[in-house]
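Residue numbers (UniProt numbering): 1 to 308.
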């Protein structure tokens, strides 16, 4: 039934607002083409009263970052009894917290990199682990605040302790894993294809690689052996289910095949609100599996519910 009224939640007030505006516009435009009645809601602090008055049939969550994908907006939608897309309160909160998500992944046998969570001021003068390592905010997405400390670097990056740092005082320090960047999406209870991300002119898959046209090359499907391909799919679905995700999610991996084809596979994180911009990965992976952008979004709207 395509006459449903869908409120597309976009924008918001996290550092990922520009990404959400782009995702939300793409989704709203596509859903209108699919025949849905669409209202675009640029989310602010009064979103509860706006939605209570609007009374949509479904809320399509196109928010990114804190508030949008950490269980907060999900809780508001539960309270208002408005069916919504993507993961629920608990799955969203767990996935957004990199430390908790890694603990759960590790507990079900998914390989993760050694890491520790520290206060950013505690690592100003002394390396928290032997370089190379990565410092990342515990609750951010889109590679915001990610700093790579290279082998041979004499001291920790000074930006972590500076007043310019705006990603909270708690950071995760994680062993840097060499290798190829692979990602895999889940749609419902099915792991879709595996895609390799090759940053062009960037040292890693940073913000510009993700959202600037030409910032990265996507190899879909990834050119890896069938057994590695299948293993990535299995681990992706396992992470999605263990963390309690729903709808669509995407897991990111490193695959170090420098020394052998089997190499080392390391799960990095799960994204419960993957980007839906023109350069985003999930629409591309879904297309590879035969789902057009409109089909993917329609499926997500029809999959929407409360108590997720």
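Just so you know, even glycine gets a beta-carbon here, dropped at the ideal spot from N, CA and C.
Nearest-angstrom Cα distance between residue i and residue j?
i: residue 152; j: residue 131; result: 7 Å
i: residue 26; j: residue 252; result: 23 Å
i: residue 250; j: residue 270; result: 6 Å
i: residue 166; j: residue 283; result: 31 Å
i: residue 168; j: residue 57; result: 36 Å
i: residue 195; j: residue 139; result: 25 Å
i: residue 47; j: residue 221; result: 39 Å
i: residue 293; j: residue 272; result: 18 Å
i: residue 87; j: residue 59; result: 12 Å
i: residue 200; j: residue 72; result: 35 Å
How is the alpha helix (DSSP H) around residue i delimited, first residue to last?
i: residue 227; result: 226–243
i: residue 120; result: Careful: residue 120 lies outside any alpha helix (DSSP H) and carries neither H nor E.
i: residue 287; result: 281–288
i: residue 24; result: 17–33
i: residue 293; result: 293–303
i: residue 129; result: Run containing residue 129: none; DSSP gives neither H nor E here.
i: residue 93; result: 89–96
Below 8 Å between beta carbons: does that hold for residue i and residue j?
i: residue 105; j: residue 175; result: no
i: residue 172; j: residue 217; result: no
i: residue 256; j: residue 178; result: yes
i: residue 300; j: residue 263; result: no
i: residue 128; j: residue 116; result: yes
i: residue 8; j: residue 40; result: yes
Could you tell me whether the Cβ of residue i comes closer than 8 Å to any Cβ of chain C?
i: residue 250; result: In the displayed structure, chain C is absent; only one protein chain is listed.
Going along the chain, which residues of its own chain have a beta-carbon closer than 8 Å to the beta-carbon of residue i, five neighbours each way excluded?
i: residue 277; result: 19, 22, 23, 26, 211
i: residue 3; result: 35, 36, 37
i: residue 14; result: 20, 63, 64, 65, 66, 67, 68
i: residue 76; result: 47, 48, 51
Quick one: is residue i buried, meaning 16 or more other Cβ sit within 10 Å of its Cβ, or exposed?
i: residue 162; result: exposed
i: residue 223; result: exposed
i: residue 158; result: exposed
i: residue 226; result: exposed
i: residue 45; result: exposed
i: residue 233; result: buried
i: residue 121; result: exposed
i: residue 190; result: exposed
i: residue 308; result: buried
i: residue 61; result: buried
i: residue 101; result: buried
Considering only residues of the same chain and omitting the five flanking positions on each side of residue i, which have a CB-CB separation below 6 Å?
i: residue 134; result: 148, 174, 176
i: residue 266; result: 111, 113, 177, 254
i: residue 244; result: 90, 91
So residue i is in the beta strand (DSSP E); what residue range does that whole segment cover?
i: residue 108; result: Looking at the DSSP string, residue 108 is not in any beta strand (DSSP E), and its letter there is neither H nor E.
Less than 7 Å between C-beta atoms, sequence neighbours within five positions excluded: which residues of the same chain meet that for residue i?
i: residue 241; result: none
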